[in-house]
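S.K.: Residue 11 is where the sequence shown starts when you use my numbering, and the numbers rise one by one after that.
Virtual Cβ for every residue (Gly too), placed ideally from N, Cα, C.
Being a predicted model, the structure only gives us computed values, none of them experimental.
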Amino acid sequence: MASLPEKYLACVLDGPGKPWALRHVPLEMPQDHQVLIKVECCGLCHTDLSTQAGHLGSKVSWPTIPGHEIVGSVVAIGQGVTQFVAGDRVGGTWHGGHDGTCRQCCEGAPQGCENQIINGVSKPGGCKSLNKKLQA
Ligand SMILES: [Zn+2]
């Protein structure tokens, strides 16, 4: 397993209406129940443009790295993760996590979680440099 860089080149949105900005950002290691993915490719869709335009309101954690159509491989694993191992090829979607405690989660519908985590909106997404070097 290759060592991980301290920073990686990402496409960043600093706030509503701001332009796309390509710059180096600190690499954050996965927290409990999270994995870190080395992105191989990431789609760009209309929702990313809505994020940039500010149409998602308070759901956005500014600045954000857009992109919720992610394909890559697992390069680091947080505590409590049992479903994945380093090197697994995975996909990331709009749904980036749920709290497991709200009414929706308790009724078996975590995709409707009242505190849903959204890749590329409330946590960093998959838009990164096209550089082929390891940049998780
Ligand atoms: Zn929930």
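Give the residues whose C-beta lies closer than 5 Å to at least one heavy atom of ligand 1, in chain order.
M.R.: H108, D109, C112, C115, C123
S.K.: Touching or not, the segment 51-71 and the segment 89-100, by the rule of three or more beta carbon pairs under 8 Å?
M.R.: no
S.K.: Starting from H56, trace the alpha helix (DSSP H) in both directions and tell me its first and last residue.
M.R.: Translated into the one-based positions of the sequence shown, residue 56 becomes position 46. The continuous alpha helix (DSSP H) containing H56 extends over residues 56-63.
S.K.: Leaving aside the five residues before and after L140 along the sequence, list all residues of the same chain whose C-beta is less than 6 Å from its C-beta, in chain order.
M.R.: One-based indexing of the sequence shown puts residue 140 at position 130. With a pLDDT of 47 at L140, under the threshold of 50, the predicted position of this residue should be treated as unreliable, though the coordinate-derived value follows. Nothing listed; no residue qualifies.
S.K.: Please work out which residues of its chain come closer than 8 Å, Cβ to Cβ, to K142, disregarding the five sequence neighbours upstream and downstream, and give them in chain order.
M.R.: Residue numbering aside, residue 142 sits at position 132 when the sequence shown is read from its first letter. Any reading at K142 must be qualified, since the residue scores a pLDDT of 42, below 50, and its modelled position is unreliable; no value is offered.
S.K.: Less than 9 Å separating the beta-carbons of L37 and L46?
M.R.: Walking along the sequence shown from the start, residue 37 turns up at place 27. Walking along the sequence shown from the start, residue 46 turns up at place 36. Yes. Within cutoff.
S.K.: Any contact between the segment 117-128 and the segment 47-55? By contact I mean 3 or more CB pairs, one from each, below 8 Å.
M.R.: No, they do not touch.
S.K.: Threshold first: 3 residues or longer. Then list the beta strand (DSSP E) segments lying entirely within the segment 51-137, N to C.
M.R.: 79-87, 99-102, 105-107
S.K.: Let me confirm a value: V95 is counted as buried when at least 16 other C-beta atoms fall within 10 Å, else exposed. Which label applies?
M.R.: Counted from its first residue, the sequence shown places residue 95 at position 85. Here V95 is exposed. Its C-beta has fewer than 16 other C-beta atoms within 10 Å.
S.K.: Going by DSSP, what residue range makes up the beta strand (DSSP E) through L19?
M.R.: Residue numbering aside, residue 19 sits at position 9 when the sequence shown is read from its first letter. For L19, the uninterrupted beta strand (DSSP E) segment begins and ends at 17-22.
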